[in-house]
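Each remark here refers to the structure printed beneath this line.
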Amino acid sequence: MPITMNSKSILPTMRLEDMDPAVAWQAWEPSNEEPWDNRRASLLHRRAGFSATQEELRPTLSIRPDEAVAKMVRDDTSDSTELIAFEKDSAELAKSVLATFDAKQLASWWIHRMLNTPKPLIEKMTLFWHGHFATGAEKVQDAELMHTQNTLLRANSLGNFRNLAQGIAKDPAMLIYLDSVSNRKAHANENFARELMELFCLGEGNYSEADVQQLAKCFTGWEIRRKQFRFNPYQHDDSMKTLLGKSGIESGESAIDCVLASPYMPRFIVRKLFRFFVSEDANPSDAFLLPLAERFTQTNYSIASVVEMLLGSRLMLSGWSIGRKVRSPIELAIGWMRTMKCTTNVGFLSERLRTIGQAVLYPPNVKGWEGGRAWINSSTLVGRANLIYELINHENTRFDGVPLLAFAERKNAKDPSQLAAWFAQLFFVEDINDTERERLSKSLDTSKPDRWANQTMIYLASLPRIHLS
Amino acid sequence: MNHHLNRRKFTTASLQAASALAIGATAPGGWMQSLAASLTQQPTSQDRVLVVIQLSGGNDGLNTIIPYTNELYYKARPKLAIPKEDVIRFNSEAGLHPSMRGIASLIEDKNFCVLQGVGYPNPNRSHFESMDIWHSCQRKESRSADGWLGRTFLQLNQQTSTDSTDSLGLHLGSEQLPMALVARGVQTPSLASIEQLRWKGKTDSSMESSDAQSTTKRKAPLESDGNLLDFVSASTSAAMQASERLEKALASPDSSGDFPNSQLGEKLKVISRLLLARLKTRVYYVTLDGFDTHANQLLAHAGLLRQWSEALHAFHKRLNTAGLGDRVLVMTFSEFGRRVAENASQGTDHGAAAPAFLSGPKFDNTIVGDQPSLSQLDDGDLKFQTDFRRVYATLIEDWLGASSNGVLTEEYAKLPQLGLKS
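Taken in order, these protein sequences are the chains called A and B. Sequential numbering from 63 applies to the first sequence in our numbering. Sequential numbering from 1355 applies to the second sequence in our numbering.
If you want it as structure tokens, here you go:
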């Protein structure tokens, strides 16, 4: 290994190839050089949730980083009054939304959850799995089934991957999406079998065409009737199949277990989690991800264990990860709104998210969202800036219940430069610099003295840095 | 749409700010001069334009160009075969799906050409992998993150010094930028729709900021390397400039003729307007999704073919009226065809070789290649006879006038049957 200086340090500019994986995935501990500070705590909240307000950062900083991570990943707060009230509201909202049979309304319901949940990591993980097991409402055409799937993803979002994979294989929305509502012995439908290996568990190239055909046979007789999964033994091919080199596979369930047992599975899943939480830009080797993959296998596919290791690692919290992700449209919009305590018409927000490339419940295809640099193009950049412009100018928008100017005053921001500084330390990866401060003051329209707070936030939305996490 | 555009007013100041910037982040120059120049110039043969229509999901080639005299076709497709009497015949073995009337009329005028059996060796049946092969011309093992058109732009940049600030490529659609258009040092704008172009909170100062950050690196970083902030900064200035330039180009009165009110129709209509506004862009890229017809294929596929055929017909008609017909060539392709035999869900699963299509100028032949054999199959799929890279080589050299050397990894024989070289 070409490490000369100090193999125990993770420097912000280091390449992954030059790091010792064992060191990178160690739990990070604060020191005099690397204190547990605002910058690191807000990174943790950006990646494990949707950015944080000052009020959310304070309790995080009052405990150790490993405790803060454990609290996000493991803490069962199901008896907290805040969570009970939130879930009660959300359930009532879901009921009224489902009465409209409109999946677009259901998407707004989920956006509402992301905006208001006291457990952001759960929604973030649900979003991760929605992108992973991508299912589109335009084809499923049934809001209730989309809700059923969303509930399955949420309940298992930090649970056991085997339960999740077995559950999704019988999920009506998924099977409708992949044209597998009926699956007959005579002509096995290969679509679900192929995607289970290519996109859900192993990755392209880690199975053969023969495996696709064999796996498809295992799923014959799996049907959806009256919105329910049903096994039809008359249409099931009960011959013994050989899958991924293993013979004697008969049922669909045992075939899924066989796919999960492939050595490619843990690598494939932890790589995807790495991309989602750490960086889509860095392309780590399998060897670099090995400690995560081993943890996944040793814990019998516990998702929480891998996520905890990722979030609390030296790679994440030492500072290397800062600015290495592009904010997804959801992270930008929901994060901006949570930071600004912003409330608005959720239907409008949901529609704007669609135009900048992330309509939840309507992923682009079965591969989900590519993420990273793919979020950024001319249209989406214009759309991102316009989204914030329109949020600020929407008649229903309030900030902590009041107009923007009054909100700024509450934050003791008395001029554009103070407001920019306050916002930047919560939302940007670095504080605002002198050039930006100067350009900000030039951009203000002095003939409208009561609009300075609006103009400041609009100016900040035009800075390329707002898109980095 | 039009009254939106007419309401938009720009101050002189913001136009000047825009003229100081460059649309591709590599080509310097003022767009106002180039716009004025392009409006007075007549098109020359060097102004040829390629439009790529990607049919995403795997188009069923056998139900597009139908072997209506082949009994094996009717045997393999008891539920999905198109009845002989419904096929629009154009020779003694092949005909068009009945919903392709528009294309039938292009064939009558010799403005359409079917390339039979296009594919590549060892076909991959994953949508994403096969699409990546078509975009990059490389298998996964040896792939860099750039595409055949992006590499063509590099060739074009080298061989012509242009004062144009228009980007060489333009992607219209809400999906992510196709890999085909990506290359180091090239920023290709991607636009969901012209309504979404207007940057509402734009100030001169915000444009300066993004430019100041991007000029520290004149070249736009490649998708996969370079600092993330440089990438976002370069993309932001490209977006601001594209926003200005295209709004201006589209601000002229809408005389786009009759386009069908469909997704593809709308996209081709926008392209026709940009062509009429004399944008210097050489390649436009659009996609039409929905061809992954695993179940209940008949109606869905007919609707998609109709959408494609009607939009294509309207597009070429509009360009012919404007005298641009011989300047614009459309290539339509899909990542693979579908299995010869239908499945049990009245659909078809992923296949291999399929026809590709060219339209626009006059072609010497309506069909290039043989009718694919339905008896000699490759694991239930049609065998390919023409490597797709031969089609690319022909388009790059004989149509766009660039060298395919450096774009394609090896030399591929061109298709002289097309008669494209002028």
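The beta-carbon is built from N, C-alpha and C at its ideal position, and this holds for glycine as well. In this text, all values refer to a predicted model and were calculated from it rather than measured experimentally.
May I ask you to list the residues that DSSP assigns as paired with residue i?
{"i": "Gln1408 (chain B)", "result": "B:Thr1641 and B:Phe1687"}
{"i": "Asn1469 (chain B)", "result": "Looking at the sequence shown, residue 1469 (chain B) is not Asn but Leu. DSSP, once it has assigned bridges, lists B:Ala1710 and B:Val1722 as partnering Leu1469 (chain B)."}
{"i": "Gln290 (chain A)", "result": "A:Arg287"}
{"i": "His1704 (chain B)", "result": "B:Arg1692"}
{"i": "Ser1544 (chain B)", "result": "B:His1525"}
{"i": "Ser1626 (chain B)", "result": "DSSP output for Ser1626 (chain B) lists no bridge partner at all."}
{"i": "Asp99 (chain A)", "result": "Asp99 (chain A) is not bridged to any residue."}
{"i": "Asp1735 (chain B)", "result": "B:Asp1732"}
{"i": "Val1403 (chain B)", "result": "B:Val1682"}
{"i": "Thr405 (chain A)", "result": "A:Arg460"}
{"i": "Asp1741 (chain B)", "result": "B:Gly1473"}
{"i": "Arg1443 (chain B)", "result": "B:Gly1449"}
{"i": "Leu530 (chain A)", "result": "A:Val388"}
{"i": "Ala1537 (chain B)", "result": "B:Val1540"}
Between which two residues does the beta strand (DSSP E) carrying residue i extend?
{"i": "His1525 (chain B)", "result": "Gly1523 to Leu1526"}
{"i": "Gln1771 (chain B)", "result": "Careful: Gln1771 (chain B) lies outside any beta strand (DSSP E) and carries neither H nor E."}
{"i": "Gly310 (chain A)", "result": "Lys308 to Ile311"}
{"i": "Thr304 (chain A)", "result": "Lys303 to Leu305"}
So with Cβ pairs under 8 angstroms, would you call residue i a contact of chain B?
{"i": "Leu530 (chain A)", "result": "yes"}
{"i": "Ala436 (chain A)", "result": "yes"}
{"i": "Pro616 (chain A)", "result": "This structure gives no information on residue 616 (chain A), because the portion of chain A shown stretches from 63 to 531."}
{"i": "Met76 (chain A)", "result": "no"}
{"i": "Leu443 (chain A)", "result": "yes"}
{"i": "Ser524 (chain A)", "result": "yes"}
{"i": "Pro426 (chain A)", "result": "yes"}
{"i": "Val131 (chain A)", "result": "no"}
{"i": "Tyr296 (chain A)", "result": "no"}
{"i": "Ala515 (chain A)", "result": "no"}
{"i": "Val321 (chain A)", "result": "no"}
{"i": "Asp241 (chain A)", "result": "yes"}
{"i": "Val135 (chain A)", "result": "no"}
Contact check, residue i vs residue j under 8 angstroms by CB: the rounded distance?
{"i": "Val1403 (chain B)", "j": "Leu1629 (chain B)", "result": "7 angstroms"}
{"i": "Tyr363 (chain A)", "j": "Asn218 (chain A)", "result": "That belief does not hold up - the Cβ atoms of Tyr363 (chain A) and Asn218 (chain A) are roughly 11 angstroms apart, past 8 angstroms."}
{"i": "Ser375 (chain A)", "j": "Ala86 (chain A)", "result": "6 angstroms"}
{"i": "Ala1593 (chain B)", "j": "Ser440 (chain A)", "result": "4 angstroms"}
{"i": "Gly1691 (chain B)", "j": "Gly1705 (chain B)", "result": "4 angstroms"}
{"i": "Ser1589 (chain B)", "j": "Ile286 (chain A)", "result": "About 43 angstroms; that fails the 8 angstroms criterion."}
{"i": "Ile1457 (chain B)", "j": "His1667 (chain B)", "result": "7 angstroms"}
{"i": "Ala1631 (chain B)", "j": "Ala1603 (chain B)", "result": "4 angstroms"}
For chain A, find out if any of its Cβ atoms is closer than 8 angstroms to the Cβ of residue i; answer yes or no.
{"i": "Glu1483 (chain B)", "result": "yes"}
{"i": "Trp1385 (chain B)", "result": "Low confidence applies to Trp1385 (chain B): its pLDDT is 35, below 50, so where it sits in the model is not reliable enough to give any reading."}
{"i": "Glu1529 (chain B)", "result": "yes"}
{"i": "Trp1553 (chain B)", "result": "yes"}
{"i": "Ala1574 (chain B)", "result": "With a pLDDT of only 40 at Ala1574 (chain B), under 50, the local geometry of the prediction cannot be trusted, and the value read off the model is given with reservation. No, Ala1574 (chain B) does not count as interfacial toward chain A."}
{"i": "Ala1374 (chain B)", "result": "Here the model assigns Ala1374 (chain B) a pLDDT of 28, short of 50, so the residue's position is not dependable and the matter cannot be decided."}
{"i": "Gln1550 (chain B)", "result": "yes"}
{"i": "Gly1701 (chain B)", "result": "yes"}
{"i": "Asn1674 (chain B)", "result": "no"}
{"i": "Ala1649 (chain B)", "result": "yes"}
{"i": "Arg1479 (chain B)", "result": "yes"}
{"i": "Thr1641 (chain B)", "result": "no"}
{"i": "Gln1395 (chain B)", "result": "Low local confidence applies: a pLDDT of 47 at Gln1395 (chain B) is under 50, so the model's placement there is unreliable, with the coordinate-based value given in what follows. Chain A, which has no Cβ nearer than 8 angstroms to the Cβ of Gln1395 (chain B), makes this no."}
{"i": "Leu1359 (chain B)", "result": "Any reading at Leu1359 (chain B) must be qualified, since the residue scores a pLDDT of 30, below 50, and its modelled position is unreliable; the value itself is stated next. It does not: the Cβ of Leu1359 (chain B) has no partner Cβ on chain A nearer than 8 angstroms."}
Alpha helix (DSSP H) containing residue i: first to last residue?
{"i": "Lys1429 (chain B)", "result": "Glu1425 to Ala1430"}
{"i": "Asp1500 (chain B)", "result": "Element bounds for Asp1500 (chain B): n/a, residue is neither H nor E."}
{"i": "Gly1657 (chain B)", "result": "Gln1651 to Thr1675"}
{"i": "Leu372 (chain A)", "result": "Ile365 to Leu373"}
{"i": "Arg386 (chain A)", "result": "Unbroken run through Arg386 (chain A): none, as it is neither H nor E."}
{"i": "Met1533 (chain B)", "result": "No alpha helix (DSSP H) contains Met1533 (chain B), which DSSP labels as neither H nor E."}
{"i": "Ile1750 (chain B)", "result": "Unbroken run through Ile1750 (chain B): none, as it is neither H nor E."}
{"i": "Val1648 (chain B)", "result": "As written in the sequence, residue 1648 (chain B) is His, which differs from the Val given in the question. Looking at the DSSP string, His1648 (chain B) is not in any alpha helix (DSSP H), and its letter there is neither H nor E."}
{"i": "Val1761 (chain B)", "result": "No alpha helix (DSSP H) holds Val1761 (chain B); DSSP gives it neither H nor E."}
{"i": "Pro295 (chain A)", "result": "Looking at the DSSP string, Pro295 (chain A) is not in any alpha helix (DSSP H), and its letter there is neither H nor E."}
{"i": "Arg246 (chain A)", "result": "Note, Arg246 (chain A): premise wrong, no alpha helix (DSSP H); not H, not E."}
Of all the alpha helix (DSSP H) runs that stay within the bounds of the region 173-233 of chain A, which reach a length of 4 or more residues?
182-194, 199-202, 205-217 and 223-231
Which residue spans inside the region 433-514 of chain A form an unbroken alpha helix (DSSP H) run of at least 4?
440-455, 466-472, 478-489 and 496-505
Along the region 400-417 of chain A, what residues have a CB closer than 7 angstroms to any CB found in chain D?
Within the model displayed, chain D is absent; protein chains A and B are what it includes.
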